[in-house]
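Participant: Once you've had a glance at the structure underneath, I'll fire off some questions.
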Amino acid sequence: MAQVTSSPGASDDPAEAGTAVDRRNRDVDGATVGRDLIQDAQAAELEQEDGSQYILEFNRSPVVGTRLRLEGIYNESRLRFTRPRNWSVKSVKILLRYRHSGALYATRSNLNVIVNDNNVGSVPLNLKQGDTGTIIFDIPTRILKDYNELVIAGLQNNSPTCTQDPFDPSLWTEILPDSKLVFNYEAEPFQLDFNSYPYPLIDVLSLETNHIDYIVPTEQDQTWLTSLARLQTSLGRIADYRPLETDLVKNLDDVADGNRVVVVGTPTEQPILANLDLPLTLKNDRWLDNKQTLISSDTGILMWTVLEDKQSPVLVATGNGPTAVTKAVQFLTQSQDRKIGAGQVVLVNDVEEIESPDIRDWPRYLPLNDNFELGDLTGFNNEPFDDVAIRGAHAPPFEFDFKALPDDRFLPGNTMTLRYTYGPQVNPLTSLVEVQLDGITVAGERLDSVDGQRRATLKVELPEQHITPQSRLKVYLRFDPRERRSCSRVTDHQLWGTIHSDSTFNLNRQQVAKLPDLNLLKAGYPFASPQDLSRTAIVVPDQPDLNELAVMLEFSERLGRLSRSEAVQVEVYPVSQLTPEIQESQHLVAIGLRSQFPLVEALEAAEFNLKDGGRQWGDSEVRTLPDSEGVLQQQLSPWNESRVLLTMTAQNDVGLQQLRDLLGLDSLFFQLQGDTALISANNETPSPYDENAYNLEFLQRSAQRDVQEEGAFQRAITVIQGNWFLLIPGIIVLSLLLYGVLQAYLKRNDALIAAPGVMTDPSAPGEL
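Heads up, the sequence shown is in my numbering, so the first residue is 1 and it goes up one at a time.
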């Protein structure tokens, strides 16, 4: 079923609206042939069936923005969407709102909608100049999958016979951002089974943001704080690029309908456990198993339940002692261990202690070896690259991450040897291979063989200053056919090429990082080195409030998104339990309001310092009333110059909320630079989609220091590489010193030989 309507644009006069070509397809009364002129609202009316309805608008995709534009004779755009796990979809409709150039010839121009390689409808492009059209198509539910692809393809011609110029600017169609997908569905009950974890705590297929509420106990000890941070870090890794919202509440009444709930702690710490409908028996604040036997104090307990009145699933991580709680959370954070979980209850007797990975073993980044192949890198699905086939004249590039480790310092002499194959029928004058690094073309070469070429090579010099932890490489095979049909119509089905996975890279780099530098925090460095976060300790006040805990959770989640490991070993300490050994050996993250900041002596020694009602920057000092900015600052640790201290503080809770936004929003976090970031909002409820909603300022004053993780020999090599101009004078000085030592030794020998009473003939026995 399809419904088509149009809404009037700037001109409704049939004699004036559109071009001559457009007017040829209209009746004498100005109506376009084949159009039903009813109001947009009538055509766009989508009745809700029994059950629930969800509307997914196109403007939620960054690909769309203000409009989705199709240009040229043929063009297409792709959008992807998921089907939530607990939906039983009854029907799906797509509503497209579009407009197009008045120069298009209606009988030879149309818009096609394709879902998962199934054509669901087509509409001719026959609107008046300036009109907006609306089209509704049914999408068969049988073709839907967990991950779906929507293709909107436009065929556009401005001539009844052929279009002379495929790049004519009058060939355009725009899909408006208020186009939408409308789902009618019934929600299915949650499956409370640990073999589906992290579902229903997190649904990676959800079209909405997953929202989790943590129940906060009255007293927060070191075990509870660490367990909470580790669990949130693990959830950040699972969510990856998907949005995740977290709140802290003190009782179940504060939980919003539909939110997921997490309760961590022993029955003594969390008396709220007695009010939940749980599959195990709780007696005198002690857990009993299904045989009514007391469970050991070191056995972790994991349970699912649900709040019936709020339709909220509840995850419980508990036990009869602090060790049991730690073990239960550790089971959930270790990706291999949680695969063996099943049922509504899991009793964790033992959890394998996973060895910490190498400090430079960073998945999704460049390999440690300086010489490697393309097949050693992985794609978005974490699978190694195989040979990649490219077809057509306007094929998209082969694009992949080329992320340097954060402490990589590249020297001149980095090369890529690209191996590729292309077929015959290409025009050797206008076809080429091109390599781009972060959008900058670094090499190119003509495809000069009319018969094609097998395993051709192109050596590419990679500029060292452009290889960063956020780098991406693109390889274009730009084909142009040898022969064109009439009207310059490109025939490109016979054009093909292959990029081979044995293409090689040869890098020249050393391992050293200049700290402090918030730019490296965008990759998680140095806190994510090693990737299990075992060198990171978070410090909070002895009695942290909810806003300080929220910042801690946001930072833990961000570290989870930036790291990949089988385990999570981050620790959280109330300041009274922070030992000198931890201060000296760990990278520290201190969180708290200025009035109760846990490491106030380090804050006062920083270049930028919040004071009581004022600020200090170097020798400058001002008073600010009120001060609602959040401050994120990195400095070398006062207790160990090879470690760093990250401080997050503010004068009030509003400033802490700004810090949460800075850590949680990619659009803000990936702007970090310098050693100090100041953030404030322009209104009380800033929109994350408004680029002017926040004010960000960056400061840099602290002296940077080279920090290395290698041994003494590698450090010596690095020093020599950084001071090569002293090498020749050093060799000369060393040679002169050796010459002087040898001369002194020879003179001493001559003196001994010439001394009286010393034999000159070694064969003569005895002494004279």
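Here a beta-carbon is modelled for each residue, glycine too, at the ideal position from N, C-alpha and C.
1) Which full runs of the beta strand (DSSP E) of 3+ residues lie inside the segment 315 to 401, going along the chain?
2) If we require 3 or more residues per run, which beta strand (DSSP E) segments fall completely within the segment 505 to 568?
3) Taking all protein chains shown into account, decide if Gly102 is buried (16 or more other Cβ within 10 angstroms of its Cβ) or exposed.
4) Which stretch, first to last residue, makes up the alpha helix (DSSP H) that contains Gly65?
5) Mind checking which residues open and close the beta strand (DSSP E) that includes Trp304?
6) Given this structure, state the Cα-to-Cα distance separating Asp350 from Leu533, to the nearest angstrom.
7) Among all the DSSP beta bridges, which residues are the ones paired with Leu192?
8) Spatial neighbours of Asn427 within its chain, please: C-beta separation below 7 Å, excluding the five flanking residues on both sides.
9) For Ala590, name the three-state secondary structure that DSSP assigns.
10) First and last residue of the beta strand (DSSP E) that includes Pro124?
11) If you scan the segment 202 to 270 from start to end, which runs of the alpha helix (DSSP H) of 4 or more residues do you find wholly inside it?
12) Can you list, in chain order, the residues of its chain with a C-beta nearer than 8 Å to that of Pro412? Leave out the 5 residues immediately preceding and following it.
13) Check each candidate in Leu495, Ser196, Pro124 and name the one with the smallest Cα separation from Asp451.
14) Measuring straight from C-alpha to C-alpha, what distance separates Ile38 and Asp178?
15) If you drop the 5 nearest sequence neighbours on each side, which residues of the same chain put their C-beta closer than 6 Å to that of Ala602?
16) Let me know if Ala590 comes out buried or exposed under the rule of 16 or more other beta-carbons within 10 Å of its beta-carbon.
17) Are Glu76 and Ile152 close, meaning C-beta to C-beta below 8 Å?
18) Going along the chain, which residues of its own chain have a beta-carbon closer than 6 Å to the beta-carbon of Asp289, five neighbours each way excluded?
19) At the level of alpha carbons, what is the spacing between Ile740 and Ile728?
20) Tell me whether Asn184 is buried or exposed, calling it buried when 16 or more other Cβ atoms sit within 10 Å of its Cβ.
21) Compare the C-alpha of Val345 against each of Thr305, Thr333, Pro169 and name the closest.
22) Quick one: Cα of Ala239 to Cα of His211, how far?
23) Would you mind reading off the limits of the alpha helix (DSSP H) that contains Gly497?
24) Measuring CA to CA, which of Leu515, Phe400, Leu248 is closest to Tyr365?
25) Can you list, in chain order, the residues of its chain with a C-beta nearer than 8 Å to that of Gly379? Leave out the 5 residues immediately preceding and following it.
26) Which residue spans inside the segment 642 to 723 form an unbroken alpha helix (DSSP H) run of at least 4?
27) Along the beta strand (DSSP E) that carries Ile582, what are the first and last residues, could you check?
28) Just curious, the alpha helix (DSSP H) that Leu603 is in, first and last residue?
29) Figure out for me which residue from Tyr74, Gly236, Leu181 has the closest Cα to the Cα of Pro166.
30) Secondary structure at Tyr98, three-state DSSP: helix, strand or coil?
31) Leaving out five residues on either side along the sequence, give the residues of the same chain with a beta carbon under 6 Å from the beta carbon of Asn506.
32) What would DSSP say about Lys291, mapped onto helix, strand or coil?
33) Classify His587 as buried or exposed, calling it buried when 16 or more other Cβ atoms lie within 10 Å of its own Cβ.
34) Based on Cα-Cα distance, which residue from Asp117, Arg83, Tyr422, Leu405 lies nearest to Tyr476?
35) Grab the span of the beta strand (DSSP E) containing Trp617 for me, first residue to last.
36) With burial defined as no fewer than 16 other Cβ atoms inside 10 Å of the residue's Cβ, what is the status of Asn749: buried or exposed?
Facilitator: According to the structure shown:
1) 345 to 348, 371 to 373, 388 to 391, 398 to 401
2) If one requires a minimum length of 3 residues, the beta strand (DSSP E) runs lying completely within the segment 505 to 568 are 509 to 511, 513 to 515, 536 to 540, in chain order.
3) Start at 1 with the first residue of the sequence shown, and residue 102 comes out as number 102. By the neighbour-count rule (16 or more Cβ atoms within 10 Å), Gly102 is buried.
4) As a working mapping, residue 65 is identified with position 65 in the sequence shown. Careful: Gly65 lies outside any alpha helix (DSSP H) and carries neither H nor E.
5) Counted from its first residue, the sequence shown places residue 304 at position 304. Segment 300 to 307, the beta strand (DSSP E) holding Trp304.
6) Reading the sequence shown from its first residue, position 350 is the one you call residue 350. Reading the sequence shown from its first residue, position 533 is the one you call residue 533. So the two alpha carbons sit approximately 22 Å from each other.
7) What you label residue 192 is simply residue 192 of the sequence shown in a count that begins at 1. Answer is none; Leu192 lacks a bridge partner.
8) The residue you call residue 427 lines up with position 427 of the sequence shown. Within its own chain, the residues whose Cβ lies closer than 7 Å to the Cβ of Asn427, once the five positions on either side in sequence are excluded, are Asp480, Pro481, Arg482, listed in chain order.
9) Counted from its first residue, the sequence shown places residue 590 at position 590. In the structure shown, Ala590 sits in a strand (DSSP, three-state: E or B).
10) Looking up residue 124 in the sequence shown gives position 124. That run of the beta strand (DSSP E) goes 118 to 124.
11) Correct list: 222 to 239.
12) Taking the sequence shown and counting its residues from 1, the one referred to as residue 412 is at position 412. Excluding sequence neighbours, Pro412 sits near Glu464, Asn508.
13) Position 451 of the sequence shown, counted from the start, is the residue given in the question as residue 451. It is Leu495 whose Cα lies nearest to the Cα of Asp451.
14) On the sequence shown, position 38 is the one that residue 38 refers to. On the sequence shown, position 178 is the one that residue 178 refers to. Residue confidence is low: Ile38 scores 39 on pLDDT, short of 50, so the model does not pin down where it sits. Its coordinate-derived value is still stated next. Each residue's alpha carbon lies about 19 Å from the other.
15) Mapped onto the sequence shown, residue 602 falls at position 602. Excluding sequence neighbours, Ala602 sits near Pro638, Leu645.
16) To locate residue 590, count along the sequence shown from 1; it is residue 590. Around the beta carbon of Ala590, 16 or more other beta carbons lie within 10 angstroms, which makes this residue buried.
17) Residue numbering aside, residue 76 sits at position 76 when the sequence shown is read from its first letter. Residue numbering aside, residue 152 sits at position 152 when the sequence shown is read from its first letter. Closer than 8 Å, so yes.
18) Indexing the sequence shown from 1 puts residue 289 at position 289. Hits under 6 Å: Ile295.
19) Position 740 of the sequence shown, counting from 1, holds the residue named residue 740. Position 728 of the sequence shown, counting from 1, holds the residue named residue 728. The identity of residue 740 in the sequence shown is Gly, whereas the question assumes Ile. Using only the alpha carbons, I get a separation of about 19 Å.
20) To locate residue 184, count along the sequence shown from 1; it is residue 184. Under this definition Asn184 is a buried residue.
21) Position 345 of the sequence shown, counted from the first residue, corresponds to residue 345. Taking Val345 as reference, the option from Thr305, Thr333, Pro169 with the minimal CA-CA separation is Thr305.
22) On the sequence shown, residue 239 is found 239 positions in, with the first residue counted as 1. On the sequence shown, residue 211 is found 211 positions in, with the first residue counted as 1. Straight-line Cα distance between these residues: approximately 12 Å.
23) One-based indexing of the sequence shown puts residue 497 at position 497. That residue, Gly497, is in no alpha helix (DSSP H); its beta strand (DSSP E) goes 496 to 499.
24) By one-based count along the sequence shown, residue 365 stands at place 365. Here the closest residue by C-alpha is Phe400.
25) Translated into the one-based positions of the sequence shown, residue 379 becomes position 379. Once the five neighbours on either side are set aside, the close Cβ partners of Gly379 are Phe385, Phe400.
26) 653 to 664, 666 to 669, 712 to 722
27) Position 582 of the sequence shown, counting from 1, holds the residue named residue 582. Premise fails: Ile582 lies in the alpha helix (DSSP H), 580 to 585, not in any beta strand (DSSP E).
28) Mapped onto the sequence shown, residue 603 falls at position 603. Element bounds for Leu603: 600 to 605.
29) Within the sequence shown, numbered from 1, the residue matching residue 166 stands at position 166. The candidate whose alpha carbon is nearest that of Pro166 is Tyr74.
30) For the purposes of this step, residue 98 is taken as the residue at position 98 of the sequence shown. Note: Tyr98 maps to strand in three-state DSSP.
31) Numbered from 1 along the sequence shown, position 506 holds the residue referred to as residue 506. Answer for Asn506: Asn371, Thr415, listed in chain order.
32) Here residue 291 corresponds to residue number 291 of the sequence shown, with the count starting at 1. Here Lys291 sits in coil by DSSP.
33) The count along the sequence shown starts at 1 and reaches residue 587 at position 587. His587 should be labelled buried.
34) Walking along the sequence shown from the start, residue 476 turns up at place 476. Considering only alpha carbons, the answer is Tyr422.
35) Mapped onto the sequence shown, residue 617 falls at position 617. Unbroken beta strand (DSSP E) run through Trp617: 614 to 617.
36) Taking the sequence shown and counting its residues from 1, the one referred to as residue 749 is at position 749. The residue in question, Asn749, is exposed, as its Cβ has fewer than 16 Cβ neighbours within 10 Å.
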